[in-house]
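Chemist:
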Amino acid sequence: MFNELDPQKGSLLISEPFMLDPRFLRSVILLCDYNDEGCLGFVLNTKTNVRIGQLLTTVPDCDFPIYLGGPVAQESLFFVHSRFDLLLSGEEVAPGIYFGGDEDKLIDALRSHSIQHSELKFFIGYSGWASGQLARELQENSWAVQNKYRQEIIFEGDGELLWKDAVIGLGPKYAHVANFPKSPELN
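FYI, in numbering that gives the first Met the number 0 the residues of the sequence shown are 0 to 186.
#1: Apart from the five residues on each side of it in sequence, which residues of its chain come closer than 7 Å, Cβ to Cβ, to R110?
#2: Leaving aside the five residues before and after E151 along the sequence, list all residues of the same chain whose C-beta is less than 8 Å from its C-beta, in chain order.
#3: My output table needs one value for P16: the three-state DSSP class, helix, strand or coil.
#4: Are there 16 or more other CB atoms within 10 angstroms of the CB of S126, so buried, or fewer, so exposed?
#5: Within its chain, find whatever has a CB closer than 6 Å to the CB of N2; leave out the 5 residues flanking it on each side and keep chain order.
#6: For G99, which of V79, V49 and A108 has the nearest alpha-carbon?
#7: In the DSSP assignment, find the unbroken alpha helix (DSSP H) run with I167 in it and report its ends.
#8: One question on the structure: do A165 and L11 come within less than 8 Å of each other, judged by their Cβ atoms?
#9: So, using beta-carbon positions, are T47 and I123 closer together than 8 Å?
#10: Roughly how many whole angstroms lie between the Cα atoms of M0 and E15?
#11: Cα-Cα, which of D101, Q115, N146 and I13 is closest to C61?
#12: Can you tell me where the beta strand (DSSP E) holding D90 begins and where it ends?
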């Protein structure tokens, strides 16, 4: 269904609307690492019912939601942010978007409320591909690649809206896909 561009670090992967793997159904993934050895990214639009304050005792009242980043290493916590000026750390994966960073500075920012939901997203687990695996999935039209997008889309809290915005961002040829129902058999 989709035409693909070449993925790179910082690309968004948008799942084909009727993907058979339920872990990635209607998902948008930010690629944070992409090289010959494989890829690593985070599903941006699968929010859990868990808040960061439930996991980090150092910020018990913090209400930032945690997203399910993918099926790999679900015992680990990761984050992306847009506040290098505040955290003074992180690996830039796209213009103004950073993966990881100084955890002490992050805790200080959370305690002082100097970082907002529109600037930070937490993930449990990640999505990973072995060498050549993502290329095969792109050839099978499982994913579309978007390399130009609004930075704000990364931090969108409404998962369905994020997926629709990402699909619409692929251009007018694909905009109608954003209105496909989740379960067409129910129509």
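Even glycine gets a Cβ: it sits at the ideal position worked out from N, Cα and C. Given the structure is predicted, the values throughout are model-derived calculations rather than measurements.
Modeler: Once the coordinates are examined:
#1: V58
#2: S117
#3: coil
#4: buried
#5: Residue placement at N2 is poorly supported in this model, since its pLDDT is 48, which falls under 50; the coordinates still yield a value, given next. Counting only Cβ-Cβ distances below 6 Å, and skipping sequence neighbours, we find nothing.
#6: V79
#7: G158 to I167
#8: yes
#9: yes
#10: Below a pLDDT of 50, predicted positions are generally treated as unreliable, and M0, at 47, falls in that range; the measurement from the model is reported next regardless. Distance between the alpha carbons of M0 and E15: 7 Å.
#11: Q115
#12: The sequence shown places Glu at residue 90, not Asp. E90 to A93 is the extent of the beta strand (DSSP E) around E90.
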